[in-house]
Amino acid sequence: MKNLVANRIKNARVLNCLSQQNVADELGVSKQMVSKYENGDAIPTSSKFLKLSKLFGLKMDYFFNSFQVELGEINFRKKSSFSLKKQSSLKEQIKINLENYIWLEDTLSIDYSFKNTIKNIKINKIEDVEKAVLKLRTDWEIGIDPIHNIIQLLEDKEIKVIELYDVDDKFDGLATYVNGKFPVIVVNGNFPVERKRFTLLHELGHLLLNLPDCETKQEEQFCNKFAAEFLFPKEIVIREFGGKRNHITLAELISTQKKYGISIPAIVYRLVDSGILSKQRHTDFYKRTRFNPSLNREVNASRFETPEKSNRFEQLVYRALSQENISISKASSLLNKNIESVKESSLI
1 MKNLVANRIK NARVLNCLSQ QNVADELGVS KQMVSKYENG DAIPTSSKFL
51 KLSKLFGLKM DYFFNSFQVE LGEINFRKKS SFSLKKQSSL KEQIKINLEN
101 YIWLEDTLSI DYSFKNTIKN IKINKIEDVE KAVLKLRTDW EIGIDPIHNI
151 IQLLEDKEIK VIELYDVDDK FDGLATYVNG KFPVIVVNGN FPVERKRFTL
201 LHELGHLLLN LPDCETKQEE QFCNKFAAEF LFPKEIVIRE FGGKRNHITL
251 AELISTQKKY GISIPAIVYR LVDSGILSKQ RHTDFYKRTR FNPSLNREVN
301 ASRFETPEKS NRFEQLVYRA LSQENISISK ASSLLNKNIE SVKESSLI
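Heads up: the sequence shown at position 152 corresponds to 152 in the UniProt record's numbering, and the numbers run straight through without jumps.
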């Protein structure tokens, strides 16, 4: 128990980007005493636990919860300015979310084994990504139609999606496996819906593609291609816009954005990638938007109307509550809602 509590106190401090001295000042103890707490050489008193709970913004039961998860490899190379302290804090935030998620599934006896059906497609060149996307869409039985809710699709395919809102704006997303078998994608929940959808699929690319040993830049290009191809397949690009063209109207781009949930800059890139627009037209497009603030606002406006929200965790909490697997106070803690609010949502 001592080691469990010690680890929880340290992890909570890391989560909040605090030093041992910061914690000591808040508790009214020495830095050495905080070190003893974190090494398991001393246990805080009840009053000190209350102060720790308030300081860290965590429920008391966090410090005594023995259910823990192991995160797989997490790569932050895309955001070199994302400090090590912030990376460590983010990892702890993800752990807390996933501990509750997986504990809840375990409580409900939900178990599964995720299967990556494109792992045998070796990605050596950009064209290989198109083959991988086509196979995945076929295996997932979604054809080449527009996808109205990426999060719902991923969760239906046994991929956990965690949206984080209280995060640095430099964080976009990441993908990893938890406990060696649960695939997880984490995304910045504050993003405009089109960016969120692209980020989710970019991270899915990192999760599923059998990528070569290559530079980070090329790896990102492969995953960007995966996201763009998944959102707006080449076959559909050609069907929507026809053959080679010299001009595309803003009205066409907006209509496509609303239909497929992909940003206008990404659509223009797809038009070039599909051979419909020339690279020069692509360059001209960016010059025009850069020097025309009004056009730039139009081009970068968010218009996709289907909300991208993850609600599976909340559904599992209410399911566990209705089946009497958990108490209403536990449900309140998991949902971070007051008990009266939870009662009102569980009347039937």
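C-beta atoms are modelled at their ideal positions from N, C-alpha and C, and glycine is treated no differently.
Query: Give the straight-line distance between the Cα atoms of residue 223 and residue 205, rounded to the nearest whole angstrom.; Result: 5 Å
Query: For residue 172, is the classification buried or exposed, using 16 other Cβ atoms within 10 angstroms of its Cβ as the cut-off for buried?; Result: buried
Query: Ignoring anything shorter than 4 residues or poking outside the segment 240–285, list the alpha helix (DSSP H) runs there in chain order.; Result: 250–260 and 264–273
Query: Under 8 Å, do residue 65 and residue 99 count as touching if we go by C-beta distance?; Result: yes
Query: Going straight from the alpha carbon of residue 268 to that of residue 282, what length do you get?; Result: 7 Å
Query: Taking 8 Å as the cut-off, decide whether the C-beta atoms of residue 210 and residue 122 are in contact.; Result: yes
Query: Closest to residue 245 by CA distance: which of 271, 18 and 304 is it?; Result: 271
Query: Is the beta carbon of residue 140 closer than 8 Å to that of residue 349?; Result: The structure shown does not extend to residue 349, since the chain spans only 1 to 348, so no value can be given for it.
Query: Give me whichever residues DSSP pairs with residue 175 in a beta bridge.; Result: 185
Query: Residues bridged to residue 160 by DSSP?; Result: 184
Query: For residue 201, which of helix, strand or coil comes out of DSSP?; Result: helix
Query: Using a Cβ-Cβ cut-off of 6 Å (strictly less than) and excluding sequence neighbours within five positions of residue 10, which residues of its own chain qualify?; Result: 38
Query: Starting from the N-terminal side, write out each stretch of the beta strand (DSSP E) that is 3 residues or longer and does not extend beyond the segment 117–172.; Result: 160–164
Query: Is there a C-beta anywhere in chain C that falls below 8 Å from the one on residue 127?; Result: Given the protein chain composition of this structure (a single chain), no chain C is represented.
Query: Just the C-alpha distance for residue 339 and residue 321, rounded to the nearest angstrom, thanks.; Result: 12 Å
Query: Runs of 4 residues minimum, wholly inside the segment 7–47: which ones carry the alpha helix (DSSP H) assignment?; Result: 20–27 and 31–39
Query: Grab me the residues of residue 16's own chain with a C-beta within less than 6 Å of its C-beta, minus the 5 sequence neighbours each way, in chain order.; Result: 56
Query: Could you spell out the range, first to last residue, of the alpha helix (DSSP H) harbouring residue 115?; Result: Element bounds for residue 115: n/a, residue is neither H nor E.
Query: Report the three-state DSSP secondary structure of residue 321 (helix, strand or coil).; Result: helix
Query: In terms of residues, what are the limits of the alpha helix (DSSP H) holding residue 214?; Result: Unbroken run through residue 214: none, as it is neither H nor E.
Query: Between the C-alpha atoms of residue 14 and residue 247, what's the straight-line distance to the nearest angstrom?; Result: 53 Å
Query: Please classify residue 84: does DSSP put it in a helix, a strand, or coil?; Result: helix
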